[in-house]
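As structure tokens, the structure follows; a few thoughts come after it.
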Amino acid sequence: MRKVVAYVNGFNLYHAIDDLRKPHLKWLDLHALARSICGKDETLVGVKYFSAYATWKTGAVGRHRAYISALKYAGVECIIGHFKEKHRRCAKCGATWIGHEEKETDVAIAVELVADAFTDAYHRALIISADSDLVPAIRTVQRHFAGKTINVIAPPGRKGHARDLKPLFEITAGRIAKCLLPESAKDRDGKVLFVRPPSYTAPT
13 MRKVVAYVNG FNLYHAIDDL RKPHLKWLDL HALARSICGK DETLVGVKYF
63 SAYATWKTGA VGRHRAYISA LKYAGVECII GHFKEKHRRC AKCGATWIGH
113 EEKETDVAIA VELVADAFTD AYHRALIISA DSDLVPAIRT VQRHFAGKTI
163 NVIAPPGRKG HARDLKPLFE ITAGRIAKCL LPESAKDRDG KVLFVRPPSY
213 TAPT
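All letters in the sequence shown, in the order written, are residues 13 to 216 by the numbering used here.
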């Protein structure tokens, strides 16, 4: 069986799903999604999710923490970076404010992709992202490991943005709807591990 590892750009995927205006699709089981892409001769050996906590957004960070708890329950490895404050200024009116910029995600995906190739962790890598900054890492693996396959899977509505990555296909809302996480889960002692945020409840 060919080994498959999936690498997921968390915010890239999140914003694509947000544009669908179907909040319940954000409660996405990334392990199930990656399995749905694997062929009959392949086995999914790992799913790596890369993101960061927007700690200044109280409601959002609470939902994000619940989501990451659910992903870990589903067998997803979560690699968390951080946001950096960035002072911004309007060129027209001179107004200033503090913005936030996600750091480390692209580099972390690139490092994991290349490192896993060198340790022979996969035969095929699935990259769920539309970020063209990953092109150098993909080329590095392709140059040194001719026998390995790397497929980029574009988030919904992002195939055009991902053209430099030559995506295999674009994820549809229908595929996502078939790969949602359970509403909640408990450990063996009855302790609640996570509960789906109310705003992610599927419509009836």
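The beta carbon of each residue, even a glycine, is placed where N, CA and C say it ideally should be.
Is there contact here, the segment 116-127 with the segment 137-146, by at least three beta-carbon pairs under 8 Å? yes
List the residues that DSSP assigns as beta-bridge partners of residue 90. Here residue 90 is taken as the residue at index 78 of the sequence shown, counted from 1. Paired residues: 61.
Beta strand (DSSP E) runs wholly inside the segment 133-175, at least 3 long, in chain order: 136-140 and 161-166
Spatial distance of residue 46 from residue 102 (CA atoms): Within the sequence shown, the letter at position 34 stands for residue 46. Within the sequence shown, the letter at position 90 stands for residue 102. Roughly 42 Å separates the two Cα atoms.
Residue 198 in three-state terms, based on DSSP: Here residue 198 is taken as the residue at index 186 of the sequence shown, counted from 1. Strand at residue 198.
If I measure Cβ to Cβ from residue 208 and keep anything under 6 Å in the same chain, skipping five residues before and after, which residues do I get? Against the sequence shown, residue 208 aligns to sequence position 196. Taken in chain order, the residues that qualify are 39 and 195.
Using 10 angstroms around the beta-carbon of residue 76, count the other beta-carbons present and answer buried if the total reaches 16, otherwise exposed. What you label residue 76 is simply residue 64 of the sequence shown in a count that begins at 1. Its Cβ being crowded by 16 or more others within 10 Å, residue 76 is buried.
Would you decide whether residue 105 is buried or exposed? Buried here means 16 or more other CB atoms lie within 10 Å of its CB. Taking the first residue of the sequence shown as position 1, residue 105 is located at position 93. Counting Cβ neighbours within 10 Å, residue 105 comes out exposed, since fewer than 16 surround it.
Round the Cβ separation of residue 32 and residue 185 to the nearest angstrom and send it over; I've been treating them as touching at under 8 Å. Translated into the one-based positions of the sequence shown, residue 32 becomes position 20. Translated into the one-based positions of the sequence shown, residue 185 becomes position 173. With 8 Å as the limit, residue 32 and residue 185 qualify as a contact, their Cβ atoms being about 5 Å apart.
For residue 175 and residue 198, I'd like the C-alpha separation in whole angstroms. To locate residue 175, count along the sequence shown from 1; it is residue 163. To locate residue 198, count along the sequence shown from 1; it is residue 186. In a straight line, the C-alpha of residue 175 is about 42 Å away from that of residue 198.
Does the contact criterion of 3 or more C-beta pairs under 8 Å hold for the segment 154-170 versus the segment 52-59? no
Residue range of the unbroken beta strand (DSSP E) whose run includes residue 177: The sequence position of residue 177 within the sequence shown is 165, counting from 1. Per DSSP, residue 177 belongs to no beta strand (DSSP E) and is neither H nor E.
Cβ of residue 160 versus every heavy atom of the ligand GTP: is any distance shorter than 7 Å? Of ligands this structure carries none, so the ligand GTP is not represented either.
Within 8 Å, strictly: CB atoms of residue 61 and residue 42: Position 49 of the sequence shown, counted from the first residue, corresponds to residue 61. Position 30 of the sequence shown, counted from the first residue, corresponds to residue 42. Result yes, Cβ atoms of residue 61 and residue 42 sit closer than 8 Å.
Are the beta-carbon atoms belonging to residue 15 and residue 156 less than 8 Å from one another? The residue labelled residue 15 in the question sits at position 3 within the sequence shown. The residue labelled residue 156 in the question sits at position 144 within the sequence shown. No.
Using three-state DSSP, classify residue 192 as helix, strand or coil. Along the sequence shown, read from residue 1 onward, the residue named residue 192 stands at position 180. DSSP places residue 192 in strand when its eight states are reduced to three.
Near residue 214, which residues of its chain fall below 6 Å by C-beta distance, leaving aside the five closest residues on each side in sequence? For the purposes of this step, residue 214 is taken as residue 202 along the sequence shown, with counting starting at 1. Result list for residue 214: 36, in chain order.
Pull up the distance between the alpha-carbon of residue 152 and that of residue 183, whole angstroms please. Position 140 of the sequence shown holds residue 152. Position 171 of the sequence shown holds residue 183. Distance between the alpha carbons of residue 152 and residue 183: 25 Å.
Going by DSSP, what residues sit across from residue 206 in a beta bridge? Here residue 206 refers to the residue found at position 194 of the sequence shown. In the DSSP output, where bridge partners are listed per residue, residue 206 has 197.
Buried or exposed for residue 210, going by 16 or more other Cβ atoms inside 10 Å? One-based indexing of the sequence shown puts residue 210 at position 198. Its Cβ having fewer than 16 others within 10 Å, residue 210 is exposed.
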